[in-house]
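Notes follow once the structure below has been shown.
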Amino acid sequence: MHLPEYPLPDERGRFGPYGGRYVPETLMPALEELEAAYRRLRRDPDFLAELDDHLRHYAGRPSPLYFARNLTEAWGGARVYLKREDLNHTGAHKINNTLGQALIAKRMGKRRVIAETGAGQHGVSVATVAALFGLEAVIYMGAEDVRRQELNVFRMELLGAEVRTVTSGTQTLKDATNEAIRDWVTNVETTFYILGSVVGPHPYPMLVRDLQSVIGLEIARQLEEAEGRRTPDAIVAAVGGGSNAIGAFAPFAYLPADKRPRLVGAEAAGEGLESGRHAASIGAGKRGVLHGSYMYLLHDEDGQILPAHSVSAGLDYPGVGPEHSHYADAGVAEYVSVSDDEALAAFQLLSRAEGILPALESAHAVAYAARLAPQMARDEVLVINLSGRGDKDVTEVMRLLGKESR
Numbered sequence: 001m002h003l004p005e006y007p008l009p010d011e012r013g014r015f016g017p018y019g020g021r022y023v024p025e026t027l028m029p030a031l032e033e034l035e036a037a038y039r040r041l042r043r044d045p046d047f048l049a050e051l052d053d054h055l056r057h058y059a060g061r062p063s064p065l066y067f068a069r070n071l072t073e074a075w076g077g078a079r080v081y082l083k084r085e086d087l088n089h090t091g092a093h094k095i096n097n098t099l100g101q102a103l104i105a106k107r108m109g110k111r112r113v114i115a116e117t118g119a120g121q122h123g124v125s126v127a128t129v130a131a132l133f134g135l136e137a138v139i140y141m142g143a144e145d146v147r148r149q150e151l152n153v154f155r156m157e158l159l160g161a162e163v164r165t166v167t168s169g170t171q172t173l174k175d176a177t178n179e180a181i182r183d184w185v186t187n188v189e190t191t192f193y194i195l196g197s198v199v200g201p202h203p204y205p206m207l208v209r210d211l212q213s214v215i216g217l218e219i220a221r222q223l224e225e226a227e228g229r230r231t232p233d234a235i236v237a238a239v240g241g242g243s244n245a246i247g248a249f250a251p252f253a254y255l256p257a258d259k260r261p262r263l264v265g266a267e268a269a270g271e272g273l274e275s276g277r278h279a280a281s282i283g284a285g286k287r288g289v290l291h292g293s294y295m296y297l298l299h300d301e302d303g304q305i306l307p308a309h310s311v312s313a314g315l316d317y318p319g320v321g322p323e324h325s326h327y328a329d330a331g332v333a334e335y336v337s338v339s340d341d342e343a344l345a346a347f348q349l350l351s352r353a354e355g356i357l358p359a360l361e362s363a364h365a366v367a368y369a370a371r372l373a374p375q376m377a378r379d380e381v382l383v384i385n386l387s388g389r390g391d392k393d394v395t396e397v398m399r400l401l402g403k404e405s406r
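Here the sequence shown is numbered in the UniProt record's numbering, starting from 1 and rising by one per residue.
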């Protein structure tokens, strides 16, 4: 295997004006050490062979590209495919990144890993690879997300990780990330921070993107087998921090504009952009710095971070990765908003139409695809990146639909 190389970021870790490193001085040596290790390992045949072996035989790649016949017929437009990242080991795309970062940690001699998690899928993936490679793991998770994702907390503990509940702020992903960074600053000599999305200081947005690009590379290869062409007409993916979307988008994003598919990121509109209770960083945010990176985020006139809201714990983050911020400004991708109610409806729609329970994150992408597909021609191809499975969300969906008493 090989890891793709893209024109961005530049040598300063910038995607246009976005990205960079806005961190305490104590973290600069660790980031420079990580970047040097990654740039060396990404061309190391032994490292790449080990990563490829684990992706194939442990994670279960390649994940299927499934033709959704029932959705295609129901929507009456484009031919609809689902990229089934939900079928990966641990149930989400997160394992692509955590396997790679854990292998880098091993090569760097780090025996302790830390992580932040919202929906719990990244935390479960980190706990999984820590068990696999014999690493100590500490996972930070907001108290609200611990409530919403109780099953995933238990899974992490079963796998041997310590889950530290964060009770500051809104008790969600942003606050968990704050605590993970504090831990890293304190223990930087011995600890590797496995960051779960394309956010944070350089080189994390680049590193996570490269490891997740396996999604888009497989889409091209599998579409050629299924449809005789490597590029779909449109790809839709959910966007919180943006890791699953960047994995699906990046292999196509740097194609010439006339050969590039329409790339659509579905942000969480929560209870509506006008309500103020949403997580649409591009749709309703402004530029600023959060967790070491310059990007679109939700903040007030004084620069204070505003609380994000989404029915999906995985999208409940007030920022979006710097490469997505660049894509939005440059017109490479478009970013749309999907409400909580639309996502819940799409969760039920996909379950009944195709027998697939999507993660609430992925349901946002399905909801927008339901708008887009009927507008497309019948010979066009639309790919929905199904980033995770919905088992983790069933209890929360049951509560939201008022089914608790049955």
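Think of the CB as a built atom: it goes at the ideal place given N, C-alpha and C, for glycine as much as any other residue.
Neighbourhood of residue 160 by C-beta, 8 angstroms cutoff - its chain only, sequence neighbours within 5 removed:
Here the question's residue 160 lines up with position 160 in the sequence shown. Same-chain partners within the cutoff: 127, 130, 131, 137.
Excluding the 5 residues preceding and the 5 following residue 322 in the sequence, name in chain order all residues of the same chain whose CB lies nearer than 6 angstroms to its CB.
Taking the sequence shown and counting its residues from 1, the one referred to as residue 322 is at position 322. The answer, listed in chain order, is 15, 18, 19, 205, 293, 295.
For residue 26 and residue 189, what's the separation of their Cα atoms in angstroms?
In the sequence shown, counting from the first residue as 1, residue 26 sits at position 26. In the sequence shown, counting from the first residue as 1, residue 189 sits at position 189. Distance between residue 26 and residue 189, taken at the CA atoms: about 10 angstroms.
Stretch pair the segment 251-260 + the segment 272-288: three plus CB contacts closer than 8 angstroms:
Contact fails: fewer than three Cβ-Cβ distances are below 8 angstroms.
Closest by C-alpha distance to residue 112, when choosing among 118, 250, 80, 186
The sequence position of residue 112 within the sequence shown is 112, counting from 1. Answer by Cα proximity: 186.
Is the number of C-beta pairs between the segment 215-224 and the segment 234-252 that are closer than 8 angstroms three or more?
With the cut-off at 8 angstroms, the segment 215-224 and the segment 234-252 touch.
Terminal residues of the continuous alpha helix (DSSP H) containing residue 398?
Sequence index remark: in the sequence shown, residue 398 carries index 398 (1-based). Unbroken alpha helix (DSSP H) run through residue 398: 394-400.
For residue 110, the three-state DSSP class (helix, strand or coil)
What you label residue 110 is simply residue 110 of the sequence shown in a count that begins at 1. Looking at residue 110 - three-state DSSP - the assignment turns out to be coil, as it is neither helix nor strand.
Compute the distance between the beta-carbons of residue 151 and residue 196, then report whether it is under 9 angstroms.
Within the sequence shown, numbered from 1, the residue matching residue 151 stands at position 151. Within the sequence shown, numbered from 1, the residue matching residue 196 stands at position 196. Contact: no.
For my contact list, residue 234 and residue 400 are in at a C-beta cut-off of 8 angstroms; report their separation, rounded to the angstrom.
If you number the sequence shown from 1, residue 234 lands on position 234. If you number the sequence shown from 1, residue 400 lands on position 400. Not confirmed; about 29 angstroms, so no contact.
Among 403, 353, 394, 385, nearest to residue 75 - alpha-carbon criterion
Residue 75 sits at position 75 when you count from the first residue of the sequence shown. When only C-alpha atoms are compared, the closest one is 353.
Quick check on residue 244: buried or exposed, where buried means 16 or more other Cβ atoms within 10 Å of its Cβ?
Here residue 244 corresponds to residue number 244 of the sequence shown, with the count starting at 1. Looking at its Cβ environment, which holds 16 or more other Cβ atoms inside 10 Å, residue 244 is buried.
Take residue 79 and list the residues in its own chain whose beta-carbon comes closer than 8 angstroms to its own, dropping the five residues that flank it on each side.
The residue given as residue 79 occupies position 79 in the sequence shown. Taken in chain order, the residues that qualify are 67, 72, 227, 378, 379, 380, 381, 382.
Just to confirm, are residue 317 and residue 199 a CB contact at a threshold of 9 angstroms?
Walking along the sequence shown from the start, residue 317 turns up at place 317. Walking along the sequence shown from the start, residue 199 turns up at place 199. Contact: yes.
Residue nearest to residue 305 in terms of C-alpha spacing, selected from 315, 346, 311, 319
Locating residue 305 in the sequence shown gives position 305, counting from the first residue. That would be 319, whose Cα lies nearest to the Cα of residue 305.
Assuming residue 388 contacts residue 351 (C-beta within less than 8 angstroms), just tell me the rounded distance between them.
Here the question's residue 388 lines up with position 388 in the sequence shown. Here the question's residue 351 lines up with position 351 in the sequence shown. Not quite, the Cβ-Cβ distance comes to about 14 angstroms (not below 8 angstroms), so this is no contact.
From which residue to which residue does the alpha helix (DSSP H) around residue 344 run?
For the purposes of this step, residue 344 is identified with residue 344 of the sequence shown, where counting begins at 1. 340-354 is the span of the alpha helix (DSSP H), which, as asked, contains residue 344.
Are the CB atoms of residue 279 and residue 266 nearer to each other than 9 angstroms?
Taking the sequence shown and counting its residues from 1, the one referred to as residue 279 is at position 279. Taking the sequence shown and counting its residues from 1, the one referred to as residue 266 is at position 266. Taking 9 angstroms as the Cβ cut-off, residue 279 and residue 266 do not qualify as a contacting pair.
Which residue or residues does DSSP assign as beta-bridge partners of residue 15?
Reading the sequence shown from its first residue, position 15 is the one you call residue 15. Looking at the DSSP output, residue 15 shares a beta bridge with 18.
Output yes or no for whether 9 angstroms exceeds the beta carbon distance between residue 93 and residue 58.
Numbered from its first residue, the sequence shown carries residue 93 at position 93. Numbered from its first residue, the sequence shown carries residue 58 at position 58. Taking C-beta atoms as the reference points, residue 93 and residue 58 fail to come closer than 9 angstroms.
Looking only at C-alpha atoms, which of 9, 335, 348, 157 sits nearest to residue 372?
Looking up residue 372 in the sequence shown gives position 372. Nearest Cα to residue 372 within the set 9, 335, 348, 157: 335.
By DSSP's criteria, residue 71 is part of a beta bridge. Which residues make up the other side?
Sequence index remark: in the sequence shown, residue 71 carries index 71 (1-based). Answer is none; residue 71 lacks a bridge partner.
What is the DSSP secondary structure of residue 303, reduced to helix, strand or coil?
For the purposes of this step, residue 303 is taken as residue 303 along the sequence shown, with counting starting at 1. DSSP places residue 303 in coil when its eight states are reduced to three.
Between the beta-carbon of residue 194 and the beta-carbon of residue 95, is there less than 9 angstroms?
Counting from 1 along the sequence shown, the entry for residue 194 is found at position 194. Counting from 1 along the sequence shown, the entry for residue 95 is found at position 95. The answer is no: Cβ separation not under 9 angstroms.
Using alpha carbons as the reference points, say which of 149, 298, 247, 13 lies closest to residue 390.
Working through the sequence shown from its first residue, we reach residue 390 at position 390. Looking at the Cα atoms, 149 is the closest of the given residues.
Give me whichever residues DSSP pairs with residue 381 in a beta bridge.
Counting from one through the sequence shown, the residue named residue 381 turns up at place 381. For residue 381, which the question treats as bridged, DSSP gives the partners 79.
Just the Cα atoms here: how many angstroms apart are residue 238 and residue 164?
Looking up residue 238 in the sequence shown gives position 238. Looking up residue 164 in the sequence shown gives position 164. Residue 164 has its alpha-carbon roughly 27 angstroms from the corresponding atom of residue 238.
On the three-state DSSP scale, how would you describe residue 168?
For this step, residue 168 is matched to residue 168 along the sequence shown. Residue 168 falls in the coil class under three-state DSSP.
Within its chain, find whatever has a CB closer than 6 angstroms to the CB of residue 444; leave out the 5 residues flanking it on each side and keep chain order.
Beyond the ends of the chain as shown, which are 1 and 406, falls residue 444; an answer cannot be given.
Identify the continuous beta strand (DSSP E) that holds residue 267 and give its terminal residues.
Within the sequence shown, numbered from 1, the residue matching residue 267 stands at position 267. Counting along the chain, residue 267 sits inside the beta strand (DSSP E) bounded by residues 262-270.
Limits of the unbroken beta strand (DSSP E) element including residue 136:
Reading the sequence shown from its first residue, position 136 is the one you call residue 136. 136-142 is the extent of the beta strand (DSSP E) around residue 136.
What separation, rounded to the nearest whole angstrom, lies between the Cα atoms of residue 288 and residue 210?
To locate residue 288, count along the sequence shown from 1; it is residue 288. To locate residue 210, count along the sequence shown from 1; it is residue 210. Approximately 24 angstroms, taken between the alpha carbons.
Am I right that residue 312 and residue 357 are in contact with their C-beta atoms under 8 angstroms? What's the rounded C-beta distance?
Translated into positions along the sequence shown, residue 312 becomes position 312. Translated into positions along the sequence shown, residue 357 becomes position 357. With a contact defined as Cβ atoms closer than 8 angstroms, residue 312 and residue 357 miss out at about 14 angstroms.
Runs of 4 residues minimum, wholly inside the segment 162-206: which ones carry the alpha helix (DSSP H) assignment?
The qualifying runs are 173-186.
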